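Here the structure is laid out as structure tokens; the discussion comes afterwards.
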Amino acid sequence: MTAAAETKRSLLADLLWQPTGPLTRDLLLTPGRFGLGKIPAGKQPDATTTMVCGFCSTGCGLNIHLKEGQAVNLTPTTNYPVNLGMACPKGWEALTVLKSSDRATTPLLRDAGGTLRPIAWDAALKTFCERMQGIQAKHGPHSVAFLSTGQIPTEEMAFLG
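Now the structure itself:
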């Protein structure tokens, strides 16, 4: 092997194997609290909570890792009977919607001029139910269809009118 080839090989080896540096520090696994096993040091939560994934009707259990009250990571719940510690690609991306710039964070109601204005959750739910019931009263109970997640039981859907 020529000296030039040896130098290129050495540079490539140095590039591929970096024992220190920002990427290595980001990926360094440390013992996780809350029964999470080993996780990257930068993703170490100060609390966890659970949620049921709503991307499909399966309803997998997910552990949400919180840092200062914000979701920073997730892991599938190992003892949840539906998914037994596994998640599909949709489930692994369940936190992505939280960072969406167009995510709805408060209910909006159109005023008489057509402008959307924020309103309280209680007022939004009351307005929604009143208007749905008004449409049904005027046009019959089969005049309204409602598409929802598979995570809301049929009994709860009935309360919507």
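First residue of the sequence shown? That's 7 in this note's numbering, and the numbers climb one at a time after it. Built from N, CA and C at the ideal position, the CB exists for glycine as well. This structure is a prediction, so every number in the text was calculated from the model and none was measured.
Keeping to the same chain, check which residues put their C-beta closer than 8 Å to that of residue i; ignore five residues upstream and five downstream.
i: VAL103; result: ARG109
Alpha carbon to alpha carbon, how far is residue j from residue i? Give it in angstroms, no decimals.
i: LEU90; j: GLU74; result: 28 Å
i: THR55; j: ALA100; result: 14 Å
i: THR83; j: THR13; result: 49 Å
i: THR36; j: ALA53; result: 16 Å
i: LYS144; j: ASP117; result: 22 Å
i: CYS135; j: GLY120; result: 20 Å
i: THR64; j: SER107; result: 27 Å
i: VAL58; j: ALA77; result: 14 Å
i: LEU153; j: THR133; result: 18 Å
Using 8 Å for Cβ pairs, my map puts residue i next to residue j. What's the rounded Cβ distance?
i: PRO95; j: LEU72; result: About 23 Å separates the two Cβ atoms, so there is no contact after all.
i: PRO124; j: LEU131; result: PRO124 to LEU131, Cβ: 14 Å. No contact.
Within its chain, find whatever has a CB closer than 7 Å to the CB of residue i; leave out the 5 residues flanking it on each side and keep chain order.
i: SER149; result: ILE141, GLN142
i: LEU80; result: LEU68, ASN69, ILE70, HIS71, ALA100, LEU101
Output needed for residue i: all residues of its chain with C-beta closer than 6 Å, excluding positions within five of it in sequence on either side, in chain order.
i: TYR86; result: GLY67
i: THR112; result: PRO124
Query raised in the report: What beta strand (DSSP E) runs, 3 residues minimum, are completely inside the stretch 33-84?
Result: 35-37, 44-46, 53-58, 67-73, 76-82
Of all the beta strand (DSSP E) runs that stay within the bounds of the stretch 75-134, which reach a length of 3 or more residues?
Counting only runs that start and end inside the stretch 75-134, the beta strand (DSSP E) elements of at least 3 residues fall at 76-82, 114-116, 122-124.
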